[in-house]
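Colleague: Please see the structure below; I have some questions.
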Amino acid sequence: MTTVAPRGAREETATAVTLRGASLRFGERTLWEGLDLDVSPGEFLAILGPNGSGKTTLLRVLLGLQPLHSGSVLVDGTPPARGSRAIGYIPQQKALPEDLTLRASDLVGLGLDGHRLGIGLRHRAERREKVRAALESVGATRYASAPVGRLSGGEQQRLRVAQALVGDPSVLLCDEPLLSLDLAHQRVVTELVEQRRRTAGTAVLFVTHEINPVLPLVDRVLYLVNGRFRIGTPDEVMTSGALSELYRTEVDVLRVRNRLVVVGAEAAH
Amino acid sequence: MMDLLDRLFTLDGTGQLLGLPFVQSALVAAALLGLVAGVLAPLIVARGMAFAVHGTAELAFTGGAAALLIGVSVSVGAVVGAVFAGLVFGLLGLRQRERDSVIGVVLAFGLGLGVLMISLYDGRAANKFGLLTGSIVSVDSTNLWVLTAVVLVVLAILAVVYRPLLFASTDPDVALARGVPTRLLSPLFAVLIALTTAIAVPIVGAVIVLAVTVIPGAAAARVTANPLTATLLAVAFAELALLGGTVLSLAPGLPISGYVATIAFLCYVGCRLVGRARGQVRVG
């Protein structure tokens, strides 16, 4: 794995995300505990696991929306804070209302400074330039002024990438961004994320229930199942032995033409 | 039939009436209301809060009716009722389904209570109907100051929170992830709606507050996706409806609500037609 020094990184922060003895509980239920994790700048970490295993909740912790039950967490060297500039966030593709009064460029612009107070009259030229560059980087210049609600799912998801990257983050959190996209658009979004990681050394934490579309890019996998977890390279984690242990049942991992097929995990939770 | 039309659409003496101080106060009030309603309308539409606005208006009516009955200022009663409703709707049920049923329940109860209190009131009948259908005579100089103050407060708050509010209204999931305090903004926005509704009820009446707080935004959204253009258009539509409605209602001496609602409705139909004609050419 090659790591590229991220822009604006301080000398003392060698990791993009650090978790130490982190645990998360809701009442009696433990989502995960004793989680130690270091994600390096430029690393691609896939976060896998069945529904309800706390994948999205982990992202919420990093976003500063959910405190840990115990342990510590650092993002880009500092504790998570709401609206942190260090983080870019790509959500699932969701249908937007057709008559939503936002253009593509507005959606991206909100990703830059939508959380700030005021009506945004200052620094308009600078803002416009950043939005333009972000739109260009994802190939969305052609529909910069189009209503977002009228764009296709794939086009909208390109904008989501631009919206997440316009603030120049050092950590990119992706919450199932490929869900409900066709294969061609899955590839486009994956390539855009990968391009960012290569050129800017942005760490990528990619929540997904389907590893194959990103398998060639994944450095390590964090696999969460019912409070247990396993961290390692895909070759270490995506094996029949490791997953059987996690799911506490017979799970088979088959390799078919560079794709992984996991059999038996669906019934186990 | 022609008699009826003559009665509805006449400008006989309108010029003279426009010179009267109370008419001028009414026009200023209409202009102020149009400004604030137009600015809020696109956000109300984006948040899917038309029904909440209706519920708030009915509760403003209940508050006004209660004030009438116990003999205090109707405007104060309307503000209290509307802000109460706004807070309830803002705090309860962020999910659409739950919110809709809560609004339905509160609205029905408030409306029933309001009608009961109106029936118990022995004063002038004009006061009773004024709350439901609106009346420009209700605007005197004191009210005008209150109205100006409310409009300034609402616009000042909007100037501070506009960007995060737009973000939270149009793209709630990412706004939350970016640290926008969406849970705080919901009740705040509900209070802004409540204040606007409360000043709108005596002028246009509880029944058609939607005509000035929702229709302009819904109409603008059919023809533009630019948030700034949508806001400017919504203000223009709201002003057209309110000022036009006031002027048209003068000579016939009828409540302004019908005129305001009709102009707003025509704006909406016009925008839909324009939007549809343009929609043939796919954007992007």
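Taken in sequence, the protein lines are chains D and B. Residues in the first sequence are numbered from -9 upward in steps of one, following our numbering. Residues in the second sequence are numbered from 303 upward in steps of one, following our numbering. Yeah, the Cβ is synthetic: ideal placement off N, Cα and C, and Gly gets one too.
#1: What in chain B is Cβ-close to Gln146 (chain D), meaning under 9 Å?
#2: If you measure beta-carbon to beta-carbon, which residues of the segment 521 to 547 of chain B are closer than 8 Å to chain D?
#3: Candidates B:Ala536, B:Pro557 and B:Phe353: which alpha carbon is nearest Gln398 (chain B)'s?
#4: From Val441 (chain B) to Arg580 (chain B), what does the alpha carbon distance come to, in whole angstroms?
#5: Would you say Tyr464 (chain B) lies against chain D (beta-carbon separation less than 7 Å)?
#6: Find out if the Cβ-Cβ distance for the pair Ala348 (chain B), Ser488 (chain B) is shorter than 7 Å.
#7: Residues of chain B with a CB under 7 Å from the CB of Leu53 (chain D): which are they?
#8: Can you confirm whether Pro344 (chain B), when its beta carbon is compared against all beta carbons of chain D, has any partner nearer than 7 Å?
#9: Exposed or buried, what is Arg19 (chain D) when buried is set at 16 or more other beta-carbons lying within 10 Å of its beta-carbon?
#10: Touch check for the segment 32 to 42 of chain D and the segment 73 to 89 of chain D: three-plus C-beta pairs under 8 Å?
#11: Pull up the distance between the alpha-carbon of Arg15 (chain D) and that of Gly217 (chain D), whole angstroms please.
#12: How close, in whole Å, do the beta carbons of Tyr570 (chain B) and Ala523 (chain B) come, if the pair is a contact with beta carbons under 8 Å?
#13: Looking at the structure shown, is Leu55 (chain D) part of a helix, part of a strand, or coil, going by DSSP?
#14: Looking at the C-beta of Val583 (chain B), does it have a partner C-beta in chain D at a distance below 7 Å?
#15: Using a Cβ-Cβ cutoff of less than 8 Å, which residues in the same chain neighbour Ala333 (chain B) once the five nearest sequence positions on both sides are dropped?
#16: Which residues, in order along the segment 96 to 116 of chain D, keep a beta-carbon less than 8 Å from a beta-carbon of chain B?
#17: Return yes when the Cβ of Val482 (chain B) is within less than 7 Å of the Cβ of His105 (chain D), no when it is not.
#18: When the Cα of Leu320 (chain B) is compared with those of B:Phe469, B:Val338 and B:Ile438, which residue comes out closest?
#19: Roughly how many whole angstroms lie between the Cα atoms of Thr529 (chain B) and Glu181 (chain D)?
#20: When we look at the beta-carbon of Lys45 (chain D) and count the other beta-carbons within 10 Å, is it buried (16 or more) or exposed?
#21: Near Leu497 (chain B), which residues of its chain fall below 6 Å by C-beta distance, leaving aside the five closest residues on each side in sequence?
#22: Beta carbons nearer than 7 Å to chain B: which residues of the segment 75 to 90 of chain D have them?
#23: Which one of D:Gln147, D:Leu25 and D:Leu205 has the shortest CA to CA distance from Arg247 (chain D)?
#24: Could you check what DSSP says for Arg29 (chain D) in three-state terms: helix, strand or coil?
#25: Residues of chain A with CB closer than 7 Å to the CB of Ala348 (chain B), please, in chain order.
#26: For chain B, check one thing: does any of its Cβ atoms lie closer than 7 Å to the Cβ of Pro137 (chain D)?
#27: Out of curiosity, what's the CA-to-CA distance linking Ser170 (chain D) and Met304 (chain B)?
#28: Going along chain B, which residues have a C-beta under 7 Å from Gly73 (chain D)?
#29: Please name the residue, chosen from B:Leu552, B:Gly577, B:Glu360 and B:Leu535, that lies closest to Leu310 (chain B) on a Cα-to-Cα basis.
#30: Excluding the five sequence neighbours on either side, which residues of its own chain have a C-beta within less than 7 Å of the C-beta of Ile501 (chain B), listed in chain order?
#31: Considering only DSSP beta bridges, list what Phe16 (chain D) is partnered with.
#32: At the 7 Å Cβ level, is Phe469 (chain B) part of the contact set with chain D, yes or no?
#33: Runs of 3 residues minimum, wholly inside the segment 110 to 142 of chain D: which ones carry the beta strand (DSSP E) assignment?
#34: Would Asp402 (chain B) count as contacting chain D if we go by Cβ distances under 7 Å?
#35: Anything in the segment 165 to 193 of chain D with a Cβ closer than 8 Å to a Cβ of chain B? List those residues in chain order, please.
#36: Could you give the uninterrupted runs of the beta strand (DSSP E) lying entirely in the segment 346 to 428 of chain B, keeping only those of 3 residues or more?
Modeller: With the structure as the only source:
#1: Within 9 Å Cβ-Cβ: nothing; Gln146 (chain D) doesn't reach chain B, min ~10 Å.
#2: Hits within the stretch, in order: Ala522, Ala523, Arg524, Thr526, Ala527, Asn528, Pro529 and Ala532.
#3: Out of B:Ala536, B:Pro557 and B:Phe353, B:Phe353 has the C-alpha closest to the C-alpha of Gln398 (chain B).
#4: Their Cα atoms are separated by approximately 41 Å.
#5: The beta carbon of Tyr464 (chain B) falls within 7 Å of a beta carbon belonging to chain D, placing the residue at that interface.
#6: Ala348 (chain B) is not a Cβ neighbour of Ser488 (chain B), given a cutoff of 7 Å.
#7: In chain order, Ala479 make up the part of chain B whose C-beta sits under 7 Å from the C-beta of Leu53 (chain D).
#8: By this cut-off, Pro344 (chain B) is an interface position.
#9: Residue environment analysis places Arg19 (chain D) among the exposed positions, since fewer than 16 neighbouring C-beta atoms fall within 10 angstroms of its C-beta.
#10: By the criterion of at least three beta-carbon pairs nearer than 8 Å, the segment 32 to 42 of chain D is not in contact with the segment 73 to 89 of chain D.
#11: Just so you know, the alpha carbons of Arg15 (chain D) and Gly217 (chain D) end up roughly 10 Å apart.
#12: Tyr570 (chain B) to Ala523 (chain B), Cβ: 10 Å. No contact.
#13: Reduced to three states, the DSSP call for Leu55 (chain D) is coil.
#14: Note that Val583 (chain B) scores a pLDDT of 45, beneath 50, so its modelled location is shaky; the value from the coordinates is reported in the next line. The beta carbon of Val583 (chain B) does not come within 7 Å of any beta carbon belonging to chain D, so the residue lies off that interface.
#15: Excluding sequence neighbours, Ala333 (chain B) sits near Glu541, Leu544 and Leu545.
#16: Per Cβ criterion, the list reads Asp96, Leu97, Leu100, Gly101, Asp103, Gly104, His105, Arg106, Leu107, Gly108, Ile109 and Gly110.
#17: In this structure, Val482 (chain B) lies closer than 7 Å to His105 (chain D) by Cβ.
#18: Among B:Phe469, B:Val338 and B:Ile438, the Cα nearest to that of Leu320 (chain B) is on B:Ile438.
#19: The question names Thr, but residue 529 (chain B) is Pro in the sequence shown. Answer to the nearest angstrom: the Cα atoms are 31 Å apart.
#20: Buried is the call here.
#21: Within the same chain, Cβ atoms closer than 6 Å to the Cβ of Leu497 (chain B) are found at Val452 and Val456, the five residues on either side in sequence being excluded.
#22: When C-beta distances to chain B are compared with 7 Å, the residues of the segment 75 to 90 of chain D below that value are Tyr79, Pro81, Asp89 and Leu90, in chain order.
#23: Comparing Cα positions, the closest option is D:Leu205.
#24: In the sequence as presented, Arg is not what sits at residue 29 (chain D); that position holds Val. If DSSP states are grouped into helix, strand and coil, Val29 (chain D) belongs with the strands.
#25: Included in the structure are the protein chains D and B, with no chain A among them.
#26: So, interface residue.
#27: Straight across, the Cα-Cα distance linking Ser170 (chain D) with Met304 (chain B) is about 59 Å.
#28: Chain B residues near Gly73 (chain D): Arg480 and Gly481.
#29: If we check each option's Cα against that of Leu310 (chain B), B:Leu552 comes out closest.
#30: Hits under 7 Å: Leu335, Leu449 and Val452.
#31: Answer is D:Arg19, bridged to Phe16 (chain D).
#32: True, the Cβ-Cβ gap to chain D drops below 7 Å.
#33: With a minimum length of 3 residues, no continuous beta strand (DSSP E) run stays inside the segment 110 to 142 of chain D.
#34: Closer than 7 Å: no.
#35: Flagged: no residues at all.
#36: The segment 346 to 428 of chain B contains no whole beta strand (DSSP E) run of 3 or more residues.
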